[in-house]
Amino acid sequence: MDKNKPGKKFRKYIRTLHLYLGLATGLVVFIVSITGCLWAFQEEITALTSKVPEVVPQTNPEIDPLEAKNIAQSVFPGKYIHGTLYGGGKKPIEVIFYEEKPEFYQSVFLHPWTGEILHTEDHLSGFFHFVLDGHMHLWLPKEIGSEIVAWSTFIFFLMLVSGIILWWPKNKKVRKQRTWFQWKPTTRWKRKNYDLHQIVGFYASFIAVIFIFTGLVMTFETFAKVFYKGIGGEKEVVFAVPENTNGSFKNVPGKDEPIRELMPFLKEKFPGAKDFEIHYPHDENHSIYVEVSNSDGIYYDSDYRFYDQNDLTEIPSKTIYGVYEEAGVAEKILRMNYDIHVGAIAGLPGKTLAFLISLLCSSLPVTGFLLWYGRKVKTKAPQRQEKQVLATSN
1 MDKNKPGKKF RKYIRTLHLY LGLATGLVVF IVSITGCLWA FQEEITALTS
51 KVPEVVPQTN PEIDPLEAKN IAQSVFPGKY IHGTLYGGGK KPIEVIFYEE
101 KPEFYQSVFL HPWTGEILHT EDHLSGFFHF VLDGHMHLWL PKEIGSEIVA
151 WSTFIFFLML VSGIILWWPK NKKVRKQRTW FQWKPTTRWK RKNYDLHQIV
201 GFYASFIAVI FIFTGLVMTF ETFAKVFYKG IGGEKEVVFA VPENTNGSFK
251 NVPGKDEPIR ELMPFLKEKF PGAKDFEIHY PHDENHSIYV EVSNSDGIYY
301 DSDYRFYDQN DLTEIPSKTI YGVYEEAGVA EKILRMNYDI HVGAIAGLPG
351 KTLAFLISLL CSSLPVTGFL LWYGRKVKTK APQRQEKQVL ATSN
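In full-length UniProt numbering, the protein residues as written are 1 to 394.
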């Protein structure tokens, strides 16, 4: 009679769903989790191991964005420049090249005052590129790997929810026993593995769902839009560079282009900024896009500013990417998504938490597989041996 109760039937369905989803996505979840764990302190480790030289600050004006562009272009002729980063202080100017197909991602570092080429760096090589490629694409072609990761992440989200349902018992006494390890010297490894899967999974789930949810927001464009609208957002969830308000750009002979005066203009207007990333206009009709970083190590509070090519008149943005102080609650929450995903939103403690949760999540497919293997596969061996003995005796 008890087996036919609706509650027990429901838990049985959940257990079956949890099992097969876990077997189907276990390897992907393990790879995504362990690479996420390795990525947690990427910025700190990269800063310590960087080969980019520092420079001695000078009082004379830095080379302007067009000069930086022309010098860097001589290193990689014909390649598209994504933007130029002015970090200030002892940091060189970084001119960033990026093309999607075939993928090309390199940086040229210039002396801010002399224009000397100090260093070049290939962002598509090295340990952390390998880690990121595994985290996002499983080291497969992007079109295939990104889809597998996206849907496996969604399934893992469902698994965490179903795991909490399976863990939560009605009996308070049993619930108390499941909140921590109660191992004895005689406790077998099967029981230890079971506890590792149940208890670690339970505690990790409540925080892991946050990291996974933010991953889904970055992965599925429609999901991000629905989430944004659901929390009261009204702007466009898209990045778009507006056109010049004063029409197409016309270079006046004998007069410097306004973009050459952009850096002094920005430094005077934003004296507390950490750095400025300048993106050159796509054509004569579009504005200059500048990302103003207001804090070290996080991105959500950056300002996205757009300036007319003709006279540097600021152009307001109609999307969520605009001035941070003018953003509403929904815009700010969506902007925080990446920083929450990597734990940077809470600084070093947040990254440490992201590291630990990713590590714990990577253990769940392993302990889950061993749990299934111990119950279903190994039990067949004694049964086969018993049948063989009976056949021999007959």
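Idealized CB from N, CA, C, for every residue including glycine.
Taking C-alpha atoms, which residue in the options lies nearest to residue i?
i                 : options                        : result
proline 102       : Tyr338, Pro141, Glu94, Tyr228  : Pro141
aspartate 195     : Ala24, Leu364, Leu21, Gly350   : Leu364
asparagine 337    : Glu325, Pro349, Ile320         : Ile320
lysine 267        : Trp189, Leu27, Val161, Pro61   : Pro61
glutamate 143     : Gly36, Lys12, Glu100           : Glu100
valine 252        : Asp311, Asp275, His286         : Asp311
tyrosine 203      : Arg11, Leu334, Lys12, Leu356   : Leu356
glycine 343       : His119, Glu331, Ser358, Lys332 : Ser358
aspartate 256     : Glu67, Glu44, Gln58            : Glu67
asparagine 285    : Lys274, Pro271, Thr245, Leu21  : Thr245
aspartate 64      : Phe276, Thr367, Gly22, Thr35   : Phe276
glycine 78        : Phe156, Lys69, Phe127          : Lys69
tyrosine 332      : Leu353, Gly272, Thr352, Lys235 : Note on identity: in this sequence residue 332 is lysine, with tyrosine being the wrong assignment. Among Leu353, Gly272, Thr352, Lys235, the Cα nearest to that of lysine 332 is on Lys235.
glycine 368       : Ser125, Asp122, Lys192, Leu124 : Lys192
phenylalanine 154 : Ala24, Lys376, Gln309          : Ala24
serine 50         : Ile81, Ala40, Ile34, Ser107    : Ser107
glycine 322       : Val290, Leu48, Ile298          : Val290
alanine 354       : Tyr13, Leu21, Lys9, Ile34      : Ile34
lysine 9          : Leu166, Ser317, Val292         : Leu166
methionine 136    : Leu48, Ser125, Ile148          : Ile148
glutamate 54      : His119, Trp372, Gly126, Leu21  : His119
tryptophan 372    : Thr219, Ile288, Lys190         : Lys190
phenylalanine 156 : Gly374, Val28, Tyr228          : Val28
phenylalanine 223 : Thr46, Ile81, Ala150, Phe127   : Ala150
valine 292        : Ser317, Phe270, Asp122         : Phe270
Taking residue i and residue j to be in contact with their CB atoms under 8 Å, please state how far apart those CB atoms are, rounded to whole angstroms.
i              : j              : result
lysine 225     : valine 237     : 5 Å
aspartate 339  : tyrosine 304   : Not really, about 15 Å apart at Cβ, beyond 8 Å.
tyrosine 307   : isoleucine 315 : 7 Å
histidine 341  : glycine 83     : Not a contact, Cβ separation roughly 23 Å.
valine 329     : glycine 232    : 7 Å
valine 30      : valine 366     : As written in the sequence, residue 30 is phenylalanine, which differs from the valine given in the question. That pair is a contact at about 7 Å.
glutamine 309  : isoleucine 259 : 7 Å
leucine 360    : valine 200     : 5 Å
asparagine 294 : alanine 327    : Not quite, the Cβ-Cβ distance comes to about 13 Å (not below 8 Å), so this is no contact.
tyrosine 105   : leucine 124    : 5 Å
alanine 40     : lysine 351     : 5 Å
glycine 215    : glutamate 43   : No, glycine 215 and glutamate 43 are not in contact; Cβ-Cβ is about 19 Å, not under 8 Å.
With DSSP as the reference, label residue i as helix, strand or coil.
i              : result
residue 397    : Past the edges of the chain, shown from 1 to 394, lies residue 397, and the structure says nothing about it.
valine 32      : helix
residue 413    : One cannot answer for residue 413 here, as it falls past the ends of the chain, which runs 1 to 394.
glutamate 143  : helix
threonine 319  : strand
glutamate 261  : helix
glutamate 67   : helix
glutamate 314  : strand
valine 217     : helix
threonine 153  : helix
tyrosine 228   : helix
methionine 336 : coil
threonine 392  : Residue placement at threonine 392 is poorly supported in this model, since its pLDDT is 43, which falls under 50; the coordinates still yield a value, given next. Threonine 392 falls in the helix class under three-state DSSP.
histidine 18   : helix
serine 358     : helix
glutamine 42   : helix
proline 271    : coil
tyrosine 13    : helix
leucine 371    : helix
arginine 191   : helix
residue 440    : Nothing about residue 440 can be reported from this structure: the residues present for the chain run from 1 to 394 only.
aspartate 256  : coil
glutamine 198  : helix
valine 116     : Per the sequence presented here, residue 116 reads as glutamate, with valine not at that position. In this structure, glutamate 116 counts as coil in the three-state DSSP scheme.
Could you please give me the residues that DSSP links to residue i through a beta bridge?
i             : result
leucine 85    : Glu94, Glu277
serine 107    : Ile96, Glu121
arginine 305  : Val290
glutamate 234 : Looking at the DSSP assignment, glutamate 234 forms no beta bridge with any residue, so it has no partner.
residue 396   : No statement about residue 396 is possible, as the shown extent of the chain runs from 1 to 394 and does not include it.
Within 8 Å (strictly less), CB to CB, does residue i reach chain C?
i             : result
threonine 367 : Although the question refers to chain C, the structure presented lacks it and comprises just one protein chain.
**Prompt:** Is there contact here, the region 151-169 with the region 204-211, by at least three beta-carbon pairs under 8 Å?
**Reply:** As far as the Cβ criterion goes, the region 151-169 touches the region 204-211, which means the pair count is three or higher.
**Asked** Using 8 Å as the Cβ pair cut-off and three pairs as the minimum, do the region 130-141 and the region 179-188 touch?
**Response** Result no; under three Cβ-Cβ pairs closer than 8 Å.
**Prompt:** Within the chosen definition, does the region 111-127 reach the region 79-93 through at least 3 CB pairs nearer than 8 Å?
**Reply:** Using a Cβ-Cβ distance cut-off of 8 Å, the region 111-127 and the region 79-93 are in contact, since at least three pairs of beta carbons, one from each stretch, lie closer than that value.
**Request:** Say whether the region 68-86 touches the region 16-29, bearing in mind that this needs 3 or more beta-carbon pairs closer than 8 Å, one atom from each stretch.
**Result:** Contact fails: fewer than three Cβ-Cβ distances are below 8 Å.
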